[in-house]
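If you count the sequence shown from 1, you need to add 626 to reach our numbering.
For each residue, glycine too, the CB sits at the ideal point set by N, CA and C.
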Amino acid sequence: MTTPTRVCLRPGERIFINGAVIKVESRTTLELLNDVPYLVESEIMHPQQTVTPLRQLYFVLQTMVMEPGGAEAARGVYEDAMNCLMRTFANAIVLAGLETISRQVAAGSPFQALKTLRGIIPIEDAILGGNRMAELRVVKAG
627 MTTPTRVCLR PGERIFINGA VIKVESRTTL ELLNDVPYLV ESEIMHPQQT VTPLRQLYFV
687 LQTMVMEPGG AEAARGVYED AMNCLMRTFA NAIVLAGLET ISRQVAAGSP FQALKTLRGI
747 IPIEDAILGG NRMAELRVVK AG
């Protein structure tokens with residue numbers, strides 16, 4: 627058995643655990659006793675936020691994590707996107723990150739791949755020359 631994972635949630639926050647959506651009414655801490663894919667609401671990317679290629683990949687991986695029953699359908703989209711991204715980017719850090727993501731997905735760990743992808747999205751923002759996170763906050767607030 628692995629070390630338990632503690633997830634702290636704010637009032638009204640949702641968590642997506644292996645296809646289930648759970649909403650808490652008050653501040654609470656969950657302890658996950660086994661390895662299970664989960665995303666807290668703040669990690670969820672909405673379709674209108676997929677404004678860059680890596681964010682589009684994030685959305686596909688997120689679908690694989692949140693909807694395990696539809697993971698195989700999303701896998702084809704993932705493979706097409708990954709092939710295109712590997713040919714498009716020239717940045718060594720982004721390419722290394724994409725290689726890591728590819729290995730993680732091949733090993734059946736799209737959840738870990740999401741974590742890796744969150745680390746290289748800021749590099750994509752720098753390459754594109756804009757502060758995409760500020761733009762996302764505007765979209766999210768609106």
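Beta-bridge pairing of residue i - partner residues as DSSP gives them
| i | result |
| --- | --- |
| valine 650 | Its beta-bridge partners do not exist; DSSP assigns none. |
| threonine 655 | Cys634 |
| valine 666 | Ile641 |
Beta carbon of residue i nearer than 7 Å to that of residue j
| i | j | result |
| --- | --- | --- |
| valine 691 | proline 630 | no |
| arginine 653 | proline 637 | yes |
| glutamate 667 | glutamate 639 | yes |
| methionine 708 | phenylalanine 685 | no |
| isoleucine 641 | tyrosine 664 | yes |
For residue i, the nearest candidate out of the options (CA to CA)
| i | options | result |
| --- | --- | --- |
| leucine 743 | Ala697, Leu724, Cys634, Pro673 | Leu724 |
| aspartate 706 | Gly696, Gly695, Ala722, Ser728 | Ser728 |
| lysine 741 | Val703, Arg681, Gly645, Ile753 | Arg681 |
| cysteine 634 | Asn644, Val650, Gly645 | Val650 |
| isoleucine 643 | Leu754, Gln675, Ala722, Thr689 | Thr689 |
| leucine 754 | Ala700, Pro673, Val677, Val703 | Val677 |
Inter-residue CB distance, residue i and residue j (contact presumed, cutoff 8 Å)
| i | j | result |
| --- | --- | --- |
| alanine 732 | leucine 687 | The pair is not a contact, with the Cβ atoms about 13 Å apart (cut-off 8 Å). |
| leucine 711 | leucine 683 | 6 Å |
| glycine 645 | glycine 695 | 7 Å |
- On the three-pair Cβ rule with 8 Å, is the segment 737-749 touching the segment 715-722? yes
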